[in-house]
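Per UniProt numbering: the sequence shown = residues 1 to 218.
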Amino acid sequence: MIKIMPSILSADFCRLGEEIKRVENAGALHFDVMDGHFVPNISFGFPVLKATRKATDAFLDVHLMISHPLDYAKRFVDAGADQITFHLESESNVGATVAQIKGMGCRAGIAIKPSTPAAAVMPYVQDVDQILVMTVEPGFGGQTFMSSMMDKIRLLRSLADQINPNLDIQVDGGINYVTARVAIDAGANVLVAGSFIFDQENPAEVIDRLLLLDQEYR
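1) What does D168 pair with, by DSSP beta-bridge criteria?
2) With the cut-off set at 8 Å, would you say G173 and T135 are in Cβ contact?
3) Suppose the cutoff is 7 Å on Cβ atoms and the five residues either side in sequence are ignored; what does the same chain contact list for P165 look like?
4) From L212, M104, R53 and L9, pick the residue whose C-alpha is nearest to that of M65; which is it?
5) Secondary structure at G80, three-state DSSP: helix, strand or coil?
6) Based on Cα-Cα distance, which residue from H37, D82, D161 and L132 lies nearest to F59?
7) In chain order, which continuous runs of the beta strand (DSSP E) of length 3 or greater are located wholly inside the region 9 to 64?
8) Which first and last residues belong to the alpha helix (DSSP H) in which G109 is found?
9) Does L212 pass the burial test, meaning 16 or more other C-beta atoms within 10 Å, or should it be called exposed?
10) Helix, strand or coil: how does DSSP classify P138 here?
11) In terms of residue numbering, what span does the beta strand (DSSP E) encompassing A193 cover?
12) Who does F86 pair with in a DSSP beta bridge?
13) What number of angstroms, rounded off, separates the C-alpha of D71 from the C-alpha of T52?
14) What residue range does the beta strand (DSSP E) around M146 cover?
15) What residue range does the beta strand (DSSP E) around residue 234 cover?
16) State buried or exposed for V192, treating a residue as buried only when at least 16 other CB atoms are found within 10 Å of its CB.
Right under this line is the structure:
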């Protein structure tokens with residue numbers, strides 16, 4: 001099943017409540033949390049997530065681009081996160097971090113940067129709910145999709161089919177109608193899109209068109 005997750009990073013924060021309603025047909029929202037240390041940018045944190053949780057019943061997917069993510073995971077869960085994805089590169093004890101996030105009653109995922117090989121995350125495929133393959137360098141929106149990342153997705157999907165068939169493989173960065181098909185062909189089933197959705201006059205139509213891809217790949 002193909003899932004679309006609009007990235008709040010590209011929303012107009014002066015009218016965030018309206019922006020959330022404009023994309024509610026996706027049924028999910030993606031939060032890129034940055035600390036200015038793990039990545040060279042700062043975004044938002046607990047208050048924005050908490051306010052969003054009050055405004056919608058959508059699935060809230062939190063992508064932590066921060067150092068020491070486990071130090072903050074519980075606060076994001078308390079603020080309303082349904083899923084927390086942290087970077088493999090940000091934690092020395094990845095398995096324990098996954099287990100503790102799940103122990104909080106939250107879905108757990110692992111993200112990898114473009115420079116990180118698929119082999120590095122393979123030991124955790126059986127234990128996580130999601131693996132996020134970054135198709136741009138993390139930290140900024142509006143970058144060009146890296147099609148070279150598709151080999152990673154193919155490897156991960158092949159392994160997941162054997163040991164964790166319910167694994168979500170998410171792509172984040174440079175998604176549009178063309179690159180969405182490329183990612184799905186490789187084995188991804190969760191697509192994060194920011195400016196491609198929020199910059200449109202009718203973002204709900206963009207989401208509907210992306211969701212139609214699910215029918216093509218059944």
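Heads up, the beta-carbon is just placed ideally off N, CA and C, and yes, glycines get one too.
According to the structure shown:
1) Numbered from 1 along the sequence shown, position 168 holds the residue referred to as residue 168. In the DSSP output, where bridge partners are listed per residue, D168 has Q130.
2) By 1-based counting over the sequence shown, the position of residue 173 is 173. By 1-based counting over the sequence shown, the position of residue 135 is 135. In contact: G173 and T135 (Cβ atoms closer than 8 Å).
3) On the sequence shown, position 165 is the one that residue 165 refers to. Counting only Cβ-Cβ distances below 7 Å, and skipping sequence neighbours, we find nothing.
4) Position 65 of the sequence shown holds residue 65. Measuring from the Cα of M65, the nearest candidate turns out to be L9.
5) Here the question's residue 80 lines up with position 80 in the sequence shown. In the structure shown, G80 sits in coil (DSSP, three-state: anything other than H, G, I, E or B).
6) Counted from its first residue, the sequence shown places residue 59 at position 59. Nearest C-alpha to F59: D82.
7) 28 to 34
8) What you label residue 109 is simply residue 109 of the sequence shown in a count that begins at 1. From DSSP, G109 is part of no alpha helix (DSSP H) but of the beta strand (DSSP E) over R107 to I112.
9) Mapped onto the sequence shown, residue 212 falls at position 212. By the neighbour-count rule (16 or more Cβ atoms within 10 Å), L212 is not buried but exposed.
10) For the purposes of this step, residue 138 is taken as the residue at position 138 of the sequence shown. Reduced to three states, the DSSP call for P138 is coil.
11) On the sequence shown, position 193 is the one that residue 193 refers to. Where A193 is concerned, the enclosing beta strand (DSSP E) stretches over V190 to A193.
12) Taking the sequence shown and counting its residues from 1, the one referred to as residue 86 is at position 86. Bridge partners of F86: L64 and I110.
13) Here residue 71 refers to the residue found at position 71 of the sequence shown. Here residue 52 refers to the residue found at position 52 of the sequence shown. Each residue's Cα considered, the two are about 22 Å apart.
14) Sequence index remark: in the sequence shown, residue 146 carries index 146 (1-based). Neither: M146 is in no beta strand (DSSP E) and is coded neither H nor E.
15) Look at the range of the chain in this structure, 1 to 218, and you will see that residue 234 is not part of it.
16) In the sequence shown, residue 192 corresponds to position 192, counting from 1. That one is buried.
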